[in-house]
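J.:
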Amino acid sequence: MKIKSLEEIYLFSLPIKEYDIIDFFLGASLKEKVLKIRFKAFVAIRDYNGHVGLDVKCSKAVATAIRGTIILAKLSIILM
1 MKIKSLEEIY
11 LFSLPIKEYD
21 IIDFFLGASL
31 KEKVLKIRFK
41 AFVAIRDYNG
51 HVGLDVKCSK
61 AVATAIRGTI
71 ILAKLSIILM
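Residue numbers (full-length UniProt numbering): 1 to 80.
(1) If you follow the beta strand (DSSP E) that PHE42 is part of, which residue opens it and which one closes it?
(2) Which of the three DSSP states, helix, strand or coil, is assigned to VAL56?
(3) Please classify ASP55 as buried or exposed, where buried requires at least 16 neighbouring CB atoms within 10 angstroms.
(4) Are at least three pairs of beta-carbons, each pair with one atom in the region 35–45 and one in the region 13–25, less than 8 Å apart?
(5) Would you report the Cα separation of GLY27 and ILE3, rounded to the nearest angstrom?
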(Lines of atoms letter the chains of each structure in order from A and count residues from 1; the text may use other names and numbers.)
(Lines give C-alpha, C1' and ligand atoms only; values in the text may rest on other atoms or scores of the structure.)
Protein backbone atom coordinates (compact mmCIF):
# COMPACT_ATOMS: atom_id res chain seq x y z
CA MET A 1 0.00 0.00 0.00
CA LYS A 2 1.39 3.37 -1.01
CA ILE A 3 0.50 6.44 1.06
CA LYS A 4 -0.53 9.36 -1.15
CA SER A 5 -1.44 12.01 1.42
CA LEU A 6 -0.96 13.01 5.02
CA GLU A 7 -4.66 12.40 5.62
CA GLU A 8 -4.18 8.70 4.84
CA ILE A 9 -1.54 8.49 7.55
CA TYR A 10 -4.02 9.90 10.07
CA LEU A 11 -6.89 7.79 8.71
CA PHE A 12 -5.01 4.54 9.40
CA SER A 13 -3.42 5.85 12.65
CA LEU A 14 0.08 5.27 11.35
CA PRO A 15 2.89 6.65 13.53
CA ILE A 16 5.07 9.34 11.95
CA LYS A 17 8.65 8.53 12.96
CA GLU A 18 10.57 10.95 10.73
CA TYR A 19 10.12 14.67 10.16
CA ASP A 20 10.96 14.18 6.46
CA ILE A 21 7.50 12.66 5.97
CA ILE A 22 5.89 15.94 7.02
CA ASP A 23 8.31 17.89 4.81
CA PHE A 24 7.39 15.65 1.85
CA PHE A 25 3.63 16.10 2.17
CA LEU A 26 3.44 19.70 3.39
CA GLY A 27 6.66 21.13 1.94
CA ALA A 28 6.53 24.88 1.33
CA SER A 29 3.14 25.40 2.98
CA LEU A 30 4.64 24.74 6.42
CA LYS A 31 5.61 27.86 8.39
CA GLU A 32 7.85 27.96 11.45
CA LYS A 33 7.78 30.41 14.33
CA VAL A 34 10.09 30.55 17.30
CA LEU A 35 8.50 31.45 20.61
CA LYS A 36 10.30 33.26 23.38
CA ILE A 37 9.83 31.15 26.45
CA ARG A 38 10.01 32.69 29.90
CA PHE A 39 9.77 30.92 33.21
CA LYS A 40 7.86 32.23 36.19
CA ALA A 41 8.84 31.10 39.66
CA PHE A 42 6.67 31.47 42.77
CA VAL A 43 8.51 31.06 46.09
CA ALA A 44 7.13 31.01 49.62
CA ILE A 45 9.56 30.85 52.54
CA ARG A 46 8.90 30.66 56.27
CA ASP A 47 10.31 29.73 59.61
CA TYR A 48 8.39 28.32 62.54
CA ASN A 49 8.34 31.66 64.42
CA GLY A 50 5.65 33.29 62.26
CA HIS A 51 7.84 34.88 59.56
CA VAL A 52 6.61 34.45 55.96
CA GLY A 53 7.93 35.70 52.62
CA LEU A 54 6.29 35.34 49.21
CA ASP A 55 7.36 36.61 45.79
CA VAL A 56 7.29 35.99 42.03
CA LYS A 57 9.92 36.48 39.31
CA CYS A 58 10.10 35.86 35.55
CA SER A 59 13.28 35.01 33.68
CA LYS A 60 14.51 33.33 30.50
CA ALA A 61 16.36 30.68 32.54
CA VAL A 62 14.78 28.46 35.21
CA ALA A 63 17.69 28.69 37.65
CA THR A 64 17.82 32.48 37.40
CA ALA A 65 14.09 32.75 38.05
CA ILE A 66 14.30 30.51 41.13
CA ARG A 67 17.39 32.16 42.62
CA GLY A 68 16.00 35.65 42.03
CA THR A 69 12.65 34.74 43.55
CA ILE A 70 14.28 33.31 46.68
CA ILE A 71 16.16 36.59 47.17
CA LEU A 72 12.99 38.65 46.65
CA ALA A 73 11.00 36.42 49.00
CA LYS A 74 13.66 36.84 51.71
CA LEU A 75 13.45 40.61 51.28
CA SER A 76 9.65 40.58 51.59
CA ILE A 77 9.42 38.67 54.89
CA ILE A 78 6.64 39.79 57.21
CA LEU A 79 5.51 38.66 60.65
CA MET A 80 2.22 36.74 60.63
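Idealized CB from N, CA, C, for every residue including glycine. All values derive from a computational prediction rather than experimental measurement.
T.: Taking the definition as stated:
(1) 39–46 is the extent of the beta strand (DSSP E) around PHE42.
(2) strand
(3) buried
(4) no
(5) When rounded, the separation of the alpha-carbon atoms in GLY27 and ILE3 is 16 Å.
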